[in-house]
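Data block below; observations after.
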């Protein structure tokens with residue numbers, strides 16, 4: 002079987018570039034190549050792809066590389082890329098980043114991460130109107146089957162796009178990378194780099210309105226004023242959509258506290274993220290909504306207590322008290338949760354223990370196997386149909 006995978010949005014290993022979907026694509030492709038040794042794979046990359054990324058994917062087996070030109074945005078993404086795909090005579094193609102080329106027709110699996118832009122357009126740049134109104138609906142209509150990364154997203158998809166049959170949409174959860182143990186030297190280097198000298202609460206994610214950071218800053222500001230000098234809030238991640246107002250709020254709250262208790266340290270590497278999570282007193286994730294919320298599970302895997310927003314996807318993924326889930330706009334409960342965790346070693350131990358158990362069921366091998374079943378079952382059905390027809 003000849004399978005293509007759209008890897009134009011993939012994590013750049015050399016430059017540590019890409020969060021969210023790019024990291025998902027990178028880990029999913031690695032897991033697929035490790036699990037399926039029988040199929041032939043053609044991976045389609047942006048023409049700027051680096052050898053470091055390709056070599057990182059070749060850990061288990063080889064694959065054909067096709068580099069897609071990206072000179073004229075619409076033409077390259079929807080016309081040129083379509084010809085690239087057709088030129089390989091694929092049996093199946095996987096599109097892991099919400100969309101497929103507008104003119105592509107062929108057997109395909111489309112992976113939908115979230116559909117938040119339809120209910121919360123104010124969280125996204127206005128330039129995405131073409132994708133929202135045409136490309137995403139067209140992709141959903143054409144896909145042979147669809148994989149969502151949470152039941153919350155599946156429910157939203159079937160509500161918004163009623164023309165799609167429920168039997169053609171399944172949920173397969175993302176994986177979480179295993180915990181890595183680091184030595185004292187590595188830990189010290191990271192803490193020294195980011196000038197961390199006291200206990201801290203940690204957040205990592207794209208700096209954008211959806212993450213609800215302004216609310217977190219105000220809540221933490223109240224805590225820092227009541228318990229001055231005890232703990233700081235360390236914020237990591239790339240700058241996203243409408244980030245300036247978020248930083249203005251951070252500066253204002255620090256002025257009210259009287260010190261730089263909230264610090265933004267910028268983009269971090271995987272190793273730095275893991276160490277910062279492991280060394281934190283707790284991980285906070287106040288997002289207003291998510292398609293999955295991977296950082297929550299990553300923090301649990303790294304052995305840190307988690308306080309997160311009580312939203313559909315976290316209620317789906319986090320069970321049995323593995324984290325403290327608080328409504329995203331509830332100032333009092335967020336303040337109480339932070340205060341409670343920082344004051345109780347028993348609660349920290351309980352959350353860490355339950356969190357590790359909860360995160361254990363999210364493995365990339367399971368994601369890959371679930372996706373491969375979607376691809377191969379329809380083909381088996383087609384084969385059976387042909388065999389039945391040949392009997393007459």
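Residue numbers (this note's numbering): 2 to 393.
The beta carbon of each residue, even a glycine, is placed where N, CA and C say it ideally should be.
Cβ separation of residue i and residue j, assumed to be a contact under 8 Å, to the nearest whole Å
{"i": "residue 135", "j": "residue 103", "result": "7 Å"}
{"i": "residue 177", "j": "residue 298", "result": "5 Å"}
{"i": "residue 283", "j": "residue 314", "result": "In fact, because the Cβ distance is near 20 Å, the residues do not count as touching under 8 Å."}
{"i": "residue 31", "j": "residue 58", "result": "6 Å"}
{"i": "residue 164", "j": "residue 144", "result": "Contact doesn't hold; Cβ gap of about 12 Å is too wide."}
{"i": "residue 375", "j": "residue 146", "result": "5 Å"}
{"i": "residue 242", "j": "residue 126", "result": "6 Å"}
{"i": "residue 352", "j": "residue 285", "result": "So it is not a contact: roughly 12 Å between Cβ atoms."}
{"i": "residue 372", "j": "residue 148", "result": "6 Å"}
Reference residue i; option with closest CA among the options
{"i": "residue 137", "options": "114, 359 and 156", "result": "114"}
{"i": "residue 254", "options": "271, 270, 240 and 233", "result": "233"}
{"i": "residue 82", "options": "145, 70, 17 and 271", "result": "70"}
{"i": "residue 5", "options": "108, 148, 60 and 185", "result": "108"}
{"i": "residue 317", "options": "300, 290 and 303", "result": "290"}
{"i": "residue 154", "options": "145, 164, 143 and 170", "result": "170"}
{"i": "residue 13", "options": "344, 270 and 312", "result": "270"}
{"i": "residue 370", "options": "173, 8, 329 and 330", "result": "173"}
{"i": "residue 123", "options": "210, 95 and 230", "result": "210"}
{"i": "residue 462", "options": "48, 344, 309 and 324", "result": "Beyond the ends of the chain as shown, which are 2 and 393, falls residue 462; an answer cannot be given."}
{"i": "residue 72", "options": "344, 95 and 48", "result": "48"}
{"i": "residue 356", "options": "322, 344 and 373", "result": "322"}
{"i": "residue 215", "options": "190, 236, 226 and 149", "result": "236"}
{"i": "residue 230", "options": "197, 248, 238 and 247", "result": "197"}
{"i": "residue 354", "options": "326, 343, 372 and 300", "result": "300"}
{"i": "residue 100", "options": "152, 257 and 140", "result": "140"}
{"i": "residue 398", "options": "190, 156, 343 and 157", "result": "Residue 398 is absent from the model: the chain starts at 2 and stops at 393."}
{"i": "residue 120", "options": "110, 84 and 157", "result": "157"}
{"i": "residue 368", "options": "25, 346, 15 and 21", "result": "25"}
{"i": "residue 132", "options": "152, 199 and 78", "result": "78"}
{"i": "residue 40", "options": "93, 226, 238 and 247", "result": "93"}
{"i": "residue 21", "options": "238, 84, 361 and 256", "result": "238"}
Beta-carbon spacing of residue i, residue j below 8 Å
{"i": "residue 208", "j": "residue 244", "result": "yes"}
{"i": "residue 359", "j": "residue 319", "result": "yes"}
{"i": "residue 363", "j": "residue 278", "result": "no"}
{"i": "residue 97", "j": "residue 112", "result": "yes"}
{"i": "residue 116", "j": "residue 159", "result": "no"}
{"i": "residue 212", "j": "residue 287", "result": "yes"}
{"i": "residue 34", "j": "residue 62", "result": "yes"}
{"i": "residue 268", "j": "residue 17", "result": "yes"}
{"i": "residue 336", "j": "residue 281", "result": "no"}
{"i": "residue 175", "j": "residue 295", "result": "yes"}
{"i": "residue 311", "j": "residue 327", "result": "yes"}
{"i": "residue 293", "j": "residue 150", "result": "yes"}
{"i": "residue 11", "j": "residue 27", "result": "yes"}
{"i": "residue 29", "j": "residue 365", "result": "yes"}
Neighbour-count burial assignment, residue i, 16 or more Cβ in a 10 Å radius
{"i": "residue 350", "result": "exposed"}
{"i": "residue 259", "result": "exposed"}
{"i": "residue 182", "result": "exposed"}
{"i": "residue 53", "result": "exposed"}
{"i": "residue 251", "result": "buried"}
{"i": "residue 378", "result": "exposed"}
{"i": "residue 272", "result": "exposed"}
{"i": "residue 275", "result": "buried"}
{"i": "residue 302", "result": "buried"}
{"i": "residue 384", "result": "Caution is warranted here: a pLDDT of 49 is assigned to residue 384, below 50, making its placement in the model unreliable, and no coordinate value can be reported."}
{"i": "residue 324", "result": "buried"}
{"i": "residue 37", "result": "buried"}
{"i": "residue 9", "result": "buried"}
{"i": "residue 194", "result": "exposed"}
{"i": "residue 106", "result": "exposed"}
{"i": "residue 184", "result": "exposed"}
{"i": "residue 110", "result": "buried"}
{"i": "residue 130", "result": "exposed"}
{"i": "residue 179", "result": "exposed"}
{"i": "residue 88", "result": "exposed"}
Worksheet item: Does the count of Cβ pairs from the stretch 248 to 267 and the stretch 218 to 229 closer than 8 Å reach three?
Response: The stretch 248 to 267, when compared against the stretch 218 to 229, does touch it at the 8 Å Cβ threshold.
Item to complete: Taking 8 Å as the threshold, find out whether the stretch 30 to 47 comes into contact with the stretch 56 to 67 through three or more Cβ pairs.
Response: Under the three-pair Cβ rule at 8 Å, the stretch 30 to 47 counts as touching the stretch 56 to 67.
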